[in-house]
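Visitor: Here the protein sequences line up with chains Y and S, keeping their order.
Read left to right, the first sequence gives residues 246 to 356 (my numbering).
Read left to right, the second sequence gives residues 1088 to 1201 (my numbering).
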Amino acid sequence: GQSLEQPSEVTAVEGAIVQINCTYQTSGFYGLSWYQQHDGGAPTFLSYNALDGLEETGRFSSFLSRSDSYGYLLLQELQMKDSASYFCAVGSSGSARQLTFGSGTQLTVLP
Amino acid sequence: DSGVTQTPKHLITATGQRVTLRCSPRSGDLSVYWYQQSLDQGLQFLIQYYNGEERAKGNILERFSAQQFPDLHSELNLSSLELGDSALYFCASSSAGQGGYGYTFGSGTRLTVV
């Protein structure tokens, strides 16, 4: 099976940097993905790491260490609109490509 | 607009009833995934179809079933509904990009069972 752990809540102020950690246990690893979901909205894809290292996309970066079964999402220059839930997810083995999601981290950005 | 279309957006129905949720994937995507999200919960994988065939099953109840049609749209059927089935139901589609793990989600169907 697969399981993921991430903090349930994180709070930061506008303009700050925040890191959301994710540890996972999986039989067969096929990459770590991150999704953002605003209240009641559709989850939107942020990033995908298949290999170790840092991937940067604008203000968001995602890091993966396969040897530590660990990854994080780094959000810089926080804006109020970044207040949302952030989910890490691991991919399945085989051709199905289904994702198992963590329980999500609620990020609150304060003015 | 993500390109994945789900209908209806909201559904209120009574216990014991049956409903059908519909999803049209993004143009060109062959995979459709169904997820359930209960209040303040994560996304629970239900079932996946690829080009008309069932590819993977998650924690889907026997009261639930799905299919994908030749035009690639998919339907999720929920029967003998219970109060606990109240949730947001999302479908997502994916292409080969991002290893196939870069899903595009629809806006969801909010099901309320009363």
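A virtual CB, placed ideally from N, CA and C, is assigned to each residue, including glycine.
Nothing here was measured: the structure is a model prediction, and the numbers come from that model.
Report buried or exposed for Asp1127/S, applying the criterion of at least 16 other Cβ atoms within 10 angstroms of its Cβ.
Guide: exposed
Visitor: Between Ser1089/S and Gln1124/S, what straight-line distance do the alpha-carbon atoms span, to the nearest angstrom?
Guide: 19 Å
Visitor: Against chain S, does Thr271/Y count as a neighbour if the rule is that its beta carbon must be under 8 Å from one of theirs?
Guide: Chain S contact via Cβ: absent.
Visitor: If you draw a straight line from the alpha carbon of Tyr293/Y to that of Trp279/Y, how long is it in whole angstroms?
Guide: Each residue's Cα considered, the two are about 7 Å apart.
Visitor: Looking only at its own chain, which residues have a Cβ that is under 7 Å from the Cβ of Arg342/Y, when we skip the five neighbours before and after it?
Guide: Gly336
Visitor: Under three-state DSSP, which class holds Lys1144/S?
Guide: strand
Visitor: So, does the CB of Tyr1176/S fall closer than 8 Å to a CB anywhere in chain Y?
Guide: no
Visitor: Answer yes or no: does any C-beta atom of chain S fall closer than 8 Å to that of Thr268/Y?
Guide: no
Visitor: Examine chain Y for any beta-carbon lying closer than 8 Å to the beta-carbon of Gln1135/S, and answer yes or no.
Guide: yes
Visitor: With a 10 Å radius around its C-beta and 16 neighbouring C-beta atoms as the bar for buried, classify Asp1172/S as buried or exposed.
Guide: buried
Visitor: Return yes when the Cβ of Ser1182/S is within less than 8 Å of the Cβ of Gly1115/S, no when it is not.
Guide: yes
Visitor: Rounded to whole angstroms, what's the CA-CA distance from Leu1230/S to Thr1196/S? Just pull it up for me.
Guide: Any answer about residue 1230/S is impossible in this case: the structure gives chain S only from 1088 up to 1201.
Visitor: Which two residues bound the contiguous beta strand (DSSP E) that contains Glu300/Y?
Guide: 298-302
Visitor: Which of the three DSSP states, helix, strand or coil, is assigned to Leu277/Y?
Guide: strand
Visitor: Would you mind telling me which residues of chain A sit closer than 9 Å to Gln324/Y, beta carbon to beta carbon, in chain order?
Guide: The chain labelled as chain A is not found among the protein chains of the depicted structure, namely Y and S.
Visitor: Looking only at its chain, what residues have a beta carbon closer than 6 Å to the beta carbon of Gln264/Y, apart from the 5 residues adjacent to it on each side?
Guide: Tyr317, Leu319
Visitor: Helix, strand or coil for Gly1103/S, going by three-state DSSP, please let me know.
Guide: coil
Visitor: Going by C-alpha to C-alpha distance, which of Leu1117/S, Cys1178/S, Thr1107/S, Pro1157/S sits closest to Ala287/Y?
Guide: Cys1178/S
Visitor: Does the beta carbon of Thr345/Y sit closer than 8 Å to a beta carbon anywhere in chain S?
Guide: yes
Visitor: How long is the line joining the alpha carbons of Ile262/Y and Ser314/Y, rounded to whole angstroms?
Guide: 23 Å
Visitor: Is Ser1118/S buried or exposed, if buried means 16 or more other CB atoms sit within 10 Å of its CB?
Guide: With 16 or more Cβ atoms within 10 Å of its Cβ, Ser1118/S is classed as buried.
Visitor: Using the C-alpha atoms, what's the distance from Thr1100/S back to Ser328/Y?
Guide: 32 Å
Visitor: The beta strand (DSSP E) that contains Val258/Y, what's its start and end?
Guide: 254-258
Visitor: So who's on the other strand from Tyr315/Y, going by DSSP bridges?
Guide: Thr268/Y, Ser310/Y
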